[in-house]
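Engineer:
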Amino acid sequence: MKQIILLILIIASINVNAQKKYFQQEVDFKIDVILDDENHILRGKETIYYKNNSNDTLRFILFHLWANAYKDDKSTYTEHEVENRDTKFYYSKEEQRGFIDSLEFKVDNENVNISNFNNLEDVILVELNHPLFPNQQIEINTPFRLVIPEVFSRLGHNDQDYQISQWYPKPAVYDTKGWHPMPYLDQGEFYSEFGHFDVNISLPKNYIVAATGVLENDNEKQFLTQIKNDTNSRNLVSAKEYKTLHFAQDKVHDFAWFASKEYCIEETAVTLNNGHTVQCTSYYKPKNKKKYEGSSKIIAQTITYYSSLVGNYPYDYASIVDGKLLAGGGMEYPMVTVIGNVNDKAELQTVIVHEVGHNWFQGILGSNERDHAWMDEGMNSFYEKKVDKIIDNLNAEKKEGNIQKLTKELNGNFIYQISAKQEEDQIINSPAASFTSINYGGSVYYKTAALFAYLESYLGTEIFNKAMQQYYETWKHKHPYPEDFKSIMEAVARKKLDWFFEDGLNSTKKMDYKIKVKKKDNQYVISATNKKDFKGPIPINAMIKDSIAETQWIEYPYQNTVTFTDNDTITAYKIDGKKMLPELNITNNFYEKNKLFPRFKCKLQLGTEFSVSEKNKLFILPAYGYNYYDKAMLGIAIHNLKIPNNAFQFALAPTYSFGSKSLVGTGVIGYSFFPKNIFQKIIIGLQGNSYHHKRSNLNTSKYIFARHIKISPSVLLEFKKPTLRNPITKTFLLQYFNISNQNFNYTLNPIDSLYRSNVDQYETAHYALLEYKHNNERTFNPFDYVIKAEGNHSFAKLTLTTHLKINYNVKNKAFYVRAFAGKFFDFKNNTNPFVLRNQYLNTTFTANNDYAYNDVYVARDEQKGILSNQVSMREGGFKIKTNLLSSPIGVSNNWLTTVNMRTDLPIKSMVKLQLFLDIGTYADAGILNPSGSKAIYEGGAELHLFKDILIIYAPFILSKDLKDYVKSTYSKNRTLQTMSFSLDLNRINFLQSQKVMNLFTP
Ligand SMILES: [Zn+2]
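Next comes the structure, spelled out in structure tokens:
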């Protein structure tokens, strides 16, 4: 008794922080609608009884017309989708789209003005002729016509299957914080007023309808019973005769319905602890019978366990609908949920638990999902995992092994870590639309759920459940905000929970807990710290294999130790033995008894890893390669590249060359810092390689080889973005190159009077590079530009390169422009052009010009043959090699500029084929070009293979100088001889995801 009084006092005092003077508007709906399934149109009328329960006088009401999100490519929905790189709606045809029109608003039978709101296509302002005073009610009427789009997100039709959601004109929420108008979004859900719904749906007689609310027609109930027991195939032609179905429901904030002529029906009734019986129905397509068999039982189980964990389900029905959905795996509406494509029964179970669970989190606890998505998605994910596991355990045949279970659990942490390790995660309590797609999953869903598991473990299940149940009882059918939730949790827990609410939900502070263990007689004295800045309590578990035998907590500032009395059954002491925390690093969380290295596990593994592990892992891979001199190369790549990646990364690939019969190879090492200032990230790196680039067998039986050794340290600075959804990345690179080269000298042998080649000493050259890169990766028309200054004591090059992709109005087709301008400075005023020839500016960039060994060339020193025709898309970006001339065409020691254009072809083809045109000019071109022409050009076709890694060029239009070059150099097979190719290994996806590999692309 005492306890209860104390509790009430605490709630009363803490509630001050929660919403002041709570009120909520009452909005009741009467909707009559008729489906025209030939033209996919709904015609209807709507009456809304709007009661102003606030203390404010309202002069207008904001309305959502969310069907207009599908009107054209200018809606907020479309823009957000395009930002998320989803262009399916953007490129849709007029007839696939939809909208709502024919509106004629009347308030209390008087015509009223409606106007645009904030230039949004799907929000309008309905002016009130007379102010709506507190406690007054008005009646709002309007007819409407809804042209149903195809399914792109949620509302839509798939032929004659209808998913009618977010469909009727609906007032925005007005609450203690004011109006909440919001355009429809795919990423970011709803916020709606509670009220009573009365909906009449007229449609051809042979449709089956699943909807929010209770069906009131007895003859329809008979029809459904008939259908349930009838396994014969249906007549899928729409009946001429129509029926009108009446659904009614109190205390819901939305009404959705789904109609198909095909649905099979499965039903299970469940009685809750309070005696309330709930009908659980699943409506599914005959083709999915196998997956959906038993699905109504899963609904019933979900209803049962959510009811006992959170609070009783208040409605009489709960159903799921097998539908088509392109926005996530499922979508919840009050009492009815639509499920998208699922692979198997196990996935279906998880989706059912999640979506039916949303009846609690957002259906009944009507939070503002747009501003605080964690309050439904995060909390619901926490319960989903719990209930999914309970149901797993009930269905013995579906039991998974330990490893599968562990990967399932770590899966979310894996996604979180991908962002968090790069300091690119986001604050959980942020507006839904501000998240990157990966953070919406990693932070809102996974991390929130993990924090709730953490909180439950810390408070103990009993107190935690009590607090959650109190939250439910207090806020059901209302609009709770984070502060309301916080005040209840802290009151029931009787402590401040800043680590959970501040560090956990309102910051991106990180956890990397580390254990320290001392053994004293038969006691283990354990301390722990956080290497990062999250101030949460640390759970120390005594483990018996995989299960927790005892838990003690070390609280911030982690000065206390905890003592465990040991016994033989204890196998280990661990931080977070169940791996529930959203930690960044779990390799320092354990002390395993009776091990040589109790706090360290390492493993050598083949390949790489896409997961979170306690082990420090080294990976090995077979390494192979080929160049003309080293021939086949075979070796082992040793690396620690993985996803999520580490701050310290390295990859070494020593290989044995079967051509030169010696060791060659490449390697890169990098360390990333996240300084939290103007720079998002700084990578200090070192890369190097050593291969052979020349060979000679002049008058000898064996080849001799010339080698190069490259050592290149660098610093890459990446500027912080204003927001993480911003597509612009700006980087600054400072790189030094130490290049040691061998060459040949030729000596005359006096005995046989023949020249023989010898390998010279290494000659070392030093170069520096400064580079600024601006890269705008927006979905349409992305562009970048790179300013580079490179050189050493004898020369410098200042260059500007830019790329622009111009999207055609056809998916995956574009026009590409590249432009280059460069200026060369010769500090020594060399008169001998050969001294710096390779460094001069080039229209066609080849192996000769790659003095820093940045690219992989198959045959660096060869002058003839197809392998020698390798070019790089650097400098002038031309494709034709002219280096068989003593002074190649298109080289300048002063200035040079080019424009390179290419285009996709308006044809559908299996391969990516483009046309290109390159034009260039340079200082004294009119004098240097034999024809006297001031420009050169080439045009042709290019074939892209292996996702642009290998591109083959065939130039067939050449300017006079290039044409003359080809004529004079090649006597036959001219077309083949002028063909060239480029090889860009940096495009390999896995390498791109490894941030250290930026260093490979200067
Ligand atoms: Zn959800």
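Just so we're on the same page, this note's numbering is the position in the sequence shown counted from 1, plus 22.
Ideal Cβ placement from N, Cα and C applies to all residues, glycine included.
Measure the alpha-carbon distance for residue 154 versus residue 74 and round it to whole angstroms.
Structural biologist: 7 Å
Engineer: Which residue wins for smallest C-alpha separation from residue 633, given the options 436, 841, 644?
Structural biologist: 436
Engineer: With a threshold of 6 Å (Cβ to nearest heavy atom), would residue 399 be considered close to ligand 1?
Structural biologist: yes
Engineer: Going by beta carbon distance, what residues of the same chain come within less than 8 Å of residue 225, once the five residues before and after it are set aside?
Structural biologist: Around residue 225: 56, 57, 59, 231, 264, 265, 267, 281.
Engineer: Report the rounded CA-to-CA distance for residue 584 versus residue 606, giving the unit in angstroms.
Structural biologist: So the alpha carbons of these two residues sit roughly 23 Å apart.
Engineer: In whole angstroms, give me the CA-to-CA distance for residue 659 and residue 710.
Structural biologist: 14 Å
Engineer: Going by other Cβ atoms of all chains shown within 10 Å of its Cβ, with 16 needed for buried, is residue 28 buried or exposed?
Structural biologist: Interpretation of residue 28 is limited by its pLDDT of 37, a score under 50 that renders its predicted location unreliable; the figure taken from the coordinates is listed afterwards. Counting Cβ neighbours within 10 Å, residue 28 comes out exposed, since fewer than 16 surround it.
Engineer: Pull up the distance between the alpha-carbon of residue 771 and that of residue 680, whole angstroms please.
Structural biologist: Cα to Cα, residue 771 sits roughly 29 Å from residue 680.
Engineer: Keeping to the same chain, check which residues put their C-beta closer than 7 Å to that of residue 587; ignore five residues upstream and five downstream.
Structural biologist: 544, 545
Engineer: Taking buried to mean at least 16 other C-beta atoms within 10 Å of its own C-beta, is residue 547 buried or exposed?
Structural biologist: Counting other Cβ atoms within 10 Å of its Cβ, residue 547 stays below 16 and is therefore classed as exposed.
Engineer: Who does residue 812 pair with in a DSSP beta bridge?
Structural biologist: 791, 819
Engineer: Could you give the C-beta distance for residue 242 and residue 258, rounded to a whole number, given that I count them as a contact under 8 Å?
Structural biologist: Contact flag wrong, Cβ pair sits at about 19 Å.
Engineer: Exposed or buried, which one is residue 915 when buried takes at least 16 other CB atoms within 10 Å?
Structural biologist: It counts as buried.
Engineer: When DSSP builds the beta bridges, which residues end up paired with residue 69?
Structural biologist: 52, 163
Engineer: Among residues of its own chain, excluding the 5 on either side of residue 523, which ones have a beta-carbon nearer than 6 Å to its beta-carbon?
Structural biologist: 508
Engineer: Based on Cα-Cα distance, which residue from 333, 346, 461 lies nearest to residue 395?
Structural biologist: 461
Engineer: Looking at the structure shown, is residue 421 part of a helix, part of a strand, or coil, going by DSSP?
Structural biologist: At residue 421 the pLDDT is 49, less than 50, meaning the model places this residue with poor confidence; the figure from the coordinates comes in the next sentence. Coil.
Engineer: Which whole-angstrom value describes the C-beta separation of residue 383 and residue 402, a residue pair presumed to lie in contact below a C-beta threshold of 8 Å?
Structural biologist: Approximately 4 Å separates the beta-carbon atoms of residue 383 and residue 402; this is inside 8 Å, confirming the contact.
Engineer: Please name the residue in 536, 558, 444 whose C-alpha comes closest to that of residue 740.
Structural biologist: 444
Engineer: Tell me which residues share the same chain as residue 34 and place their Cβ nearer than 6 Å to its Cβ, disregarding the 5 neighbours each side in the sequence.
Structural biologist: Note on residue 34: pLDDT 39, under 50, position unreliable in the model; no value is reported.
Engineer: Go ahead and label residue 970 buried or exposed: buried means 16 or more other beta carbons lie within 10 angstroms of its beta carbon, across all protein chains shown.
Structural biologist: exposed
Engineer: Under 8 Å by Cβ, that's how I've got residue 69 and residue 133 pegged, so tell me the actual separation to the nearest angstrom.
Structural biologist: Contact doesn't hold; Cβ gap of about 15 Å is too wide.
Engineer: CA-CA distance, residue 175 and residue 744?
Structural biologist: 29 Å
Engineer: Candidates 114, 273, 279, 205: which alpha carbon is nearest residue 222's?
Structural biologist: 279
Engineer: Where does residue 1006 fall in DSSP's three states?
Structural biologist: Coil at residue 1006, not helix or strand.
Engineer: Would you check if the distance between the CB atom of residue 90 and the CB atom of residue 143 is smaller than 7 Å?
Structural biologist: With respect to residue 143, residue 90 sits close: the two C-beta atoms are nearer than 7 Å.
Engineer: Would you report the Cα separation of residue 907 and residue 890, rounded to the nearest angstrom?
Structural biologist: Going by the C-alpha atoms only, they are around 15 Å apart.
Engineer: Could you check what DSSP says for residue 858 in three-state terms: helix, strand or coil?
Structural biologist: Residue state, collapsed to three classes: coil.
Engineer: Flag this pair as yes or no: are the beta carbons of residue 841 and residue 865 separated by less than 7 Å?
Structural biologist: no
Engineer: By alpha-carbon positions, which one of 926, 820, 913, 789 ends up nearest to residue 839?
Structural biologist: 926
Engineer: Does residue 191 pass the burial test, meaning 16 or more other C-beta atoms within 10 Å, or should it be called exposed?
Structural biologist: buried
Engineer: For residue 1097 and residue 411, I'd like the C-alpha separation in whole angstroms.
Structural biologist: Given that the chain is displayed from residue 23 to residue 1024, the structure contains no residue 1097 and the question cannot be resolved.
Engineer: Around the C-beta of residue 1004, are 16 or more other C-beta atoms found within 10 angstroms, so that it is buried, or is it exposed?
Structural biologist: buried
Engineer: Taking the C-alpha atoms as reference points, what is the distance between residue 86 and residue 189?
Structural biologist: The straight-line gap from Cα to Cα measures roughly 9 Å.
Engineer: Using DSSP with H/G/I as helix, E/B as strand and the rest coil, what is residue 932?
Structural biologist: coil
Engineer: Could you tell me the distance, in whole angstroms, from the CA atom of residue 928 to the CA atom of residue 965?
Structural biologist: 15 Å
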